[in-house]
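Right, one structure below, let's go through it.
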Amino acid sequence: MKIANKLIEVLSFGVDTNKSKDFADKITQLNLIAIPSLLIFIILAITSLKASLPVAIINFSTFIVALVLLLMLFRSNRFSSIGLVISYIFAIGILVNILLGSNNLLLLAVTMLLPLIFFSSTPFNKASVTLVAFAVLLPIVLFTLPVVGLPAENIFYVNRYFISIGFIVYLTSVSLLWFIRTKQLQELEIKSIELKNDIKKRTENLAKLSHDIRTPLNNIVIISNILSNQIQEEKLKDMIDTIQASSNNLMSTLNSMIDLSISEMPKDSDVLVPFDLQNTLNNTFRLFSTQSGTVSFSFKYDERLPKNLLGDPVKLKQIFLNIVESIIKNKSSQKVILDIKINKMQEAGDGVDIYTEIKTNTPLLLHHADGVSSTTLTDGSTALSNQVFIEMLDLKIAAKLIRENGGKLNVKLTSQDSQINFNIRLLKVPTSLKEEIQQAEGKEKGIDEIVPETPEVSKVEKLPTTDVRLENANVLLVEDNLINQKIVLLSLKKLVKNIDVAVNGKEALDKFGTSKYDIILMDVQMPIMNGYTAAKKIREIEASTNSHTPIIAITANALMGDREECLAAGMDDYISKPFQIEVLIQKMRNLLEANR
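According to my numbering, the stretch in the sequence shown is residues 37 to 632, in order.
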């Protein structure tokens with residue numbers, strides 16, 4: 037196979053990379069047949085130099101003309117016309133050789149290659165007509181050899197019946213096989229086009245479904261984030277955090293449903309907040325208190341761990357919710373007891389490495405491929421890979437989040453019990469940040485003014501040097517959905533100097549022409565003029581003024597390629613719905629800082 041691939045690569049002669057793959061395939065196919073024919077003609081020319089000078093001249097001429105045309109073909113788009121001329125040159129060379137009395141059997145070999153040269157260089161119908169004409173002309177030439185003065189013992193005249201009939205039979209067989217091959221290729225091409233259209237239609241439907249789900253889900257995430265920052269009562273705050281974790285799990289499920297590659301997903305910036313790890317986990321497990329008949333917890337917490345750690349408690353809840361829900365869904369008995377241990381591995385620099393072990397008192401069930409029947413692992417089944425267990429137990433969300441936190445999820449299943457463990461790294465809370473948190477604590481506000489305070493955002497993002505720039509920013513929000521407008525305004529109105537709203541790209545261009553904005557938040561799908569077109573026109577306007585206004589795409593378009601399309605339109609950054617408002621703020625700060 038390697039030798040064949042190497043031969044094909046050599047025979048392609050480095051066709052220009054700007055040519056289509058179909059063109060390169062045709063060139064390679066023609067070369068496989070034309071090059072041996074060229075070699076035969078040069079051999080005939082050399083061997084006939086002493087015997088017959090006219091034959092040598094014809095063979096040299098055929099070789100040179102066909103070679104030149106073949107080289108021209110590499111740099112031309114006229115494949116069929118030039119290919120047909122090459123075939124004619126070989127056909128004429130064969131007939132002239134016979135008429136001039138060539139006695140070399142190599143000429144018979146190139147005659148057998150002639151149908152393949154025609155079929156490889158020109159459409160089937162045109163090649164068939166020409167080859168039929170050649171099949172008629174060949175016996176006429178063979179039977180008239182004595183008339184032109186050649187001796188009767190000439191090898192082609194002696195075998196004229198065999199050559200004539202043999203060529204017709206051979207041509208018929210090759211034509212039939214080539215016809216079948218051509219029909220099969222056409223059917224495959226039709227199926228390929230139908231499959232591409234079907235995939236395109238499915239992708240468009242999935243993209244629309246994803247967009248329609250992400251938009252309201254984004255509002256849930258942002259509102260719950262705002263409430264989490266404002267509500268101080270621990271019980272209510274924990275419930276809000278659970279809404280956030282469940283929303284994030286729903287988004288991960290959506291991404292899996294549309295078969296979006298996790299590695300291609302734009303990774304949001306880390307949101308770092310100080311939290312009590314033990315209380316967070318206790319509150320998470322308490323969510324399952326209504327399922328006391330199904331699951332119970334034995335929780336052991338390493339007292340050597342610091343009381344407060346720096347990280348994302350929502351993502352941590354996502355991990356445990358995904359694992360516990362998966363265990364409950366796949367349990368093999370009426371009630372499962374979870375033995376959970378949180379241990380400190382090591383403390384180095386500004387981080388703390390934590391090891392979590394979750395054991396069950398019963399084995400878990402693994403579903404068959406049909407999704408209906410299920411089976412309990414035997415001891416021998418543990419040879420399955422760790423990734424297989426993660427897939428079968430639907431732990432992809434937890435595995436992804438753990439991996440993002442520098443850890444690894446491990447699953448060990450036996451016929452008696454099951455064990456899931458992982459390690460993550462959290463940060464220690466700096467003393468300066470503790471003081472900042474205390475200063476930022478204030479009274480609860482009414483629901484109409486539920487917005488994160490500037491000190492809180494500074495605490496999360498740890499970028500105080502850009503706070504003044506953000507607070508003085510004049511922002512243009514381009515969004516056609518009224519609910520989405522309200523959500524962003526609630527989140528940002530106390531953090532920036534001013535926010536203007538445009539409901540489509542055309543209105544955004546009008547406002548951009550009359551006011552100076554420090555940053556633009558651009559939706560993509562809008563009526564009248566979409567975000568891509570608006571961004572391109574803004575960049576065209578700025579090209580004449582030597583200015584640049586940062587543009588962040590805020591969109592529910594989150595399939596692979598959407599981010600690249602936004603950047604290609606001239607936008608500076610991209611964030612897909614749903615998103616954490618802290619991530620948007622950090623992106624705004626980064627761009628404002630870079631645009632100074």
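All residues carry an ideal CB built from backbone N, CA and C; glycine is no exception.
**Study point:** A605 classed as buried or exposed, judged by whether at least 16 other C-beta atoms fall within 10 angstroms
**Key:** buried
Practice item. Under 6 Å Cβ to Cβ from I276, same chain only, skipping five residues before and after it: list those, please. Key: Closer than 6 Å at Cβ, skipping near neighbours: S260, L263 and S264.
Exercise for review: Please report how far the alpha carbon of I587 lies from the alpha carbon of S283, in whole angstroms.
Suggested key: 27 Å
Practice item. Decide if N233 is buried, meaning its Cβ has at least 16 other Cβ atoms within 10 Å, or exposed. Key: exposed
Practice item. Could you please give me the residues that DSSP links to F335 through a beta bridge? Key: I376
Review point. Helix or strand or just coil, what does DSSP make of R114?
Key: coil
Practice item. Provide the residue span of the alpha helix (DSSP H) that contains T166, from first to last. Key: F160 to F179
Point to revise | Three-state class that DSSP yields for P182 in the structure shown | key: helix
**Study point:** the region 188 to 197 touching the region 130 to 141, judged by at least three CB pairs closer than 8 Å
**Key:** yes
Review point. Excluding sequence positions up to five away, which residues of its chain have a Cβ less than 7 Å from the Cβ of N566?
Key: For N566, the CB contacts under 7 Å within the same chain, skipping 5 residues up- and downstream, are G541 and V560 in chain order.
Review point. Is it right to say P466 is buried, meaning 16 or more other beta carbons lie within 10 angstroms of its own, or is it exposed?
Key: Exposed, by the Cβ-count rule.
Review point. Where does S305 sit, in a helix, a strand or coil, going by DSSP?
Key: Because S305 sits at a pLDDT of 49, beneath the cut-off of 50, its placement in the model cannot be relied upon, and the point is left open.
**Study point:** 7 Å Cβ cutoff met for T396 and V372
**Key:** One thing to note: T396 has its Cβ within 7 Å of the Cβ of V372.
Practice item. Using the Cα positions of Y197 and L174, report the straight-line distance between them to the nearest angstrom. Key: 11 Å
Review point. What's the call for T320, buried or exposed, on a 16-neighbour Cβ count within 10 Å?
Key: buried
**Study point:** R461, enclosing beta strand (DSSP E) - first and last residue
**Key:** S454 to K464
Review point. The beta strand (DSSP E) spanning A605 covers which residue range?
Key: It is not in any beta strand (DSSP E) - A605 carries neither H nor E in the DSSP assignment.
Point to revise | Euclidean distance between Cα positions of F333 and T569 | key: 55 Å
Check your understanding: If you compare alpha carbons, which of P90, L144 and S73 is closest to L103?
Key -> S73
Check your understanding: Mapping DSSP to helix, strand and coil, what is I128?
Key -> helix
Practice item. List the residues that DSSP assigns as beta-bridge partners of E578. Key: For E578, which the question treats as bridged, DSSP gives no partner whatsoever.
Practice item. For I438, count neighbouring C-beta atoms within 10 Å of its own C-beta (all shown protein chains included) and say buried if the count is 16 or more, exposed if not. Key: buried
Point to revise | Check whether F99 and K62 have beta carbons under 7 Å apart | key: No; because the gap between Cβ atoms is not below 7 Å, this pair is not in contact.
Point to revise | C-alpha gap between A81 and S112, whole angstroms | key: 29 Å
Check your understanding: Are L506 and L346 close, meaning C-beta to C-beta below 7 Å?
Key -> No.
Practice item. Would you check if the distance between the CB atom of T316 and the CB atom of P342 is smaller than 7 Å? Key: no
Review point. What is the C-beta distance between N457 and N441, in whole angstroms, given that I count them as a contact (C-beta under 8 Å)?
Key: At roughly 14 Å, the Cβ-Cβ gap does not stay under 8 Å, so N457 and N441 are not in contact.
Review point. If you draw a straight line from the alpha carbon of F311 to that of I577, how long is it in whole angstroms?
Key: 47 Å
Point to revise | Same chain only: Cβ atoms within 7 Å of I204, ignoring 5 sequence neighbours per side | key: A171
Check your understanding: Of the residues R461, I359 and L213, which one's Cα is nearest the Cα of S164?
Key -> L213
Exercise for review: Out of Q423, L525, T180 and S211, state which residue places its alpha-carbon closest to the alpha-carbon of A538.
Suggested key: Of the listed residues, the one whose Cα sits closest to A538 is L525.
Review point. Does the Cβ of R599 have 16 or more other Cβ atoms within 10 Å, making it buried, or fewer, making it exposed?
Key: buried
**Study point:** Pick from I69, N358 and G329 that is closest to E427, judged by C-alpha positions
**Key:** N358
Review point. Residues in its own chain within less than 8 Å of R4 by CB, not counting five upstream and five downstream?
Key: As displayed, the chain neither begins before 37 nor continues past 632, which places residue 4 out of reach and without an answer.
Review point. How about L400 and N422: do their beta carbons lie closer than 7 Å?
Key: no
Review point. Based on the DSSP output, what are the partners of M558 in its beta bridges?
Key: Looking at the DSSP assignment, M558 forms a beta bridge with V514 and A589.
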